[in-house]
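Notes follow the structure.
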Amino acid sequence: MTILALNVAAVLLIIGVLHGFWGLRIWLPVRDEQQLARSVVGARDIVSMPPPLQCFFVALALFGGTVGILALAEIVSLPFVPLALVQGGMAFFSAIFIMRGLIGFTPFWARITPEMPFRSLDRRVYSPLCVLIGAGIVTVVVSGLT
C-alpha cells in the first residue's frame with residue numbers, strides 16, 4: 019500500500035501546487051487566463067479563472083488529502099489526530115473524487131461545462147483521474163481497516 023499511497027499523494031500534491039499557483043494568479047500550464055479557464059474550469063462562457071480564495075481552498079484541501087493518505091500508509095505521523103478521524107476524512111475525500119469523476123461522464127455535466135478544450139479533457143483525463151484517485155484512496159483506507 020505504500021507505493022499506492024505515495025503515487026496518490028504525488029498526484030494530489032501536484033494538483034494542489036497547480037491550484038496554489040492559480041491562487042497566486044500564476045497561469046500554468048497555459049499562460050493565457052481565459053484559455054486556462056476554458057481548459058480547467060469549462061463553465062459556459064467562462065473568461066477568467068476562479069478567485070484566489072477558491073483556488074487556495076482547493077489547494078489546501080488537496081494538501082490535507084496528501085497528508086491524510088501519507089498518514090494512513092504510516093509514512094507521516096499525525097500523533098494528535100485519531101486514526102479513525104483520518105480514516106473517516108479520507109473516506110469522505112475519496113467519495114468526493116469518485117463522485118466528481120463519475121459526474122464528468124453525464125449529460126448534466128456536459129451541459130454546465132461545455133467549453134473546449136475542457137469538455138474533451140474532462141472526458142479523457144480529469145474524470146478518469148478523479149475516479150482513479152478516489153479508488154486509490156479507498157484502497158489505502160480499506161487496507162488499514164484489516
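So the sequence shown is residues 19 to 164, counted in the working numbering. Where is the CB? At the ideal position from N, CA and C, for every residue including glycine. No experiment lies behind these values; they were computed from the predicted model shown.
Buried versus exposed, by CB contacts within 10 Å (16 or more), residue i
i	result
F115	buried
I151	buried
F111	buried
CB contact flag (residue i, residue j, <7 Å)
i	j	result
A89	L96	yes
E133	R49	no
A27	I87	yes
T20	A109	no
V158	A23	yes
Same chain, Cβ closer than 6 Å to residue i, neighbours up to 5 away in sequence not counted
i	result
I121	W127
Cutoff 7 Å; reference residue i; Cβ partners in own chain excluding five residues on either side
i	result
L80	L30, I33, G34 and H37
E51	W45, S66 and M67
Residue i: first and last residue of the uninterrupted alpha helix (DSSP H) it sits in
i	result
P135	Careful: P135 lies outside any alpha helix (DSSP H) and carries neither H nor E.
V65	Per DSSP, V65 belongs to no alpha helix (DSSP H) and is neither H nor E.
G122	That residue, G122, is in no alpha helix (DSSP H); it is neither H nor E in DSSP.
L36	T20 to G41
R49	No alpha helix (DSSP H) contains R49, which DSSP labels as neither H nor E.
Neighbourhood of residue i by C-beta, 8 Å cutoff - its chain only, sequence neighbours within 5 removed
i	result
V149	F115, I116, G119 and L120
I130	A61 and R62
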